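To convert, take the position in the sequence shown, counting from 1, and add 729; that gives this note's numbering. Everything below concerns the one structure shown next.
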Amino acid sequence: LVGTGVASHESVPAAFAVLEIAGGDPWQAAVISANLGGDTDTIGAIAAGMAGACAGFRRLPQEQVARLKGLDMAEVRALAADLVAVRMAKRGSGKDAAA
730 LVGTGVASHE SVPAAFAVLE IAGGDPWQAA VISANLGGDT DTIGAIAAGM AGACAGFRRL
790 PQEQVARLKG LDMAEVRALA ADLVAVRMAK RGSGKDAAA
């Protein structure tokens, strides 16, 4: 791979490589991307999105889809709010400090 960083000249080629390695399977593209390291969410969104657009919803493992459908969205929203609060409390650190 060229790299797995946030820069598009790394993440886009990495996504195409993941798509090829996954054989066009959207679930495998997501799993491979999640385990790469670096900017995994961007690479996964691109690779799994392209695979899903080509393969369709039916190609996803139905047991995994069922697990997602069973999520309590109120709990997910509360967790998201907690994560945002933690991040906002650390606002002065990390890459935002230079901006």
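We treat Cβ as the ideally placed atom computed from N, Cα and C, and that holds for glycine. Since the model is a prediction, treat every value here as computed from it, not as a measurement.
If you draw a straight line from the C-alpha of residue i to the C-alpha of residue j, how long is it?
{"i": "N764", "j": "A807", "result": "26 Å"}
{"i": "G753", "j": "A780", "result": "5 Å"}
{"i": "G766", "j": "M817", "result": "24 Å"}
{"i": "A743", "j": "G734", "result": "9 Å"}
{"i": "E804", "j": "G732", "result": "35 Å"}
{"i": "A758", "j": "D811", "result": "29 Å"}
Report the option in the options whose CA atom is closest to the CA atom of residue i.
{"i": "A777", "options": "E749, L797 and V735", "result": "E749"}
{"i": "W756", "options": "L789, G767 and T733", "result": "L789"}
{"i": "R784", "options": "V741, A751, R820 and E739", "result": "The amino acid occupying residue 784 in the given sequence is Ala; Arg does not appear at that position. The candidate whose alpha carbon is nearest that of A784 is A751."}
Leaving aside the five residues before and after residue i along the sequence, list all residues of the same chain whose C-beta is less than 7 Å from its C-beta, in chain order.
{"i": "S762", "result": "V747, T769, I772, G773, A776 and A777"}
{"i": "V741", "result": "I775"}
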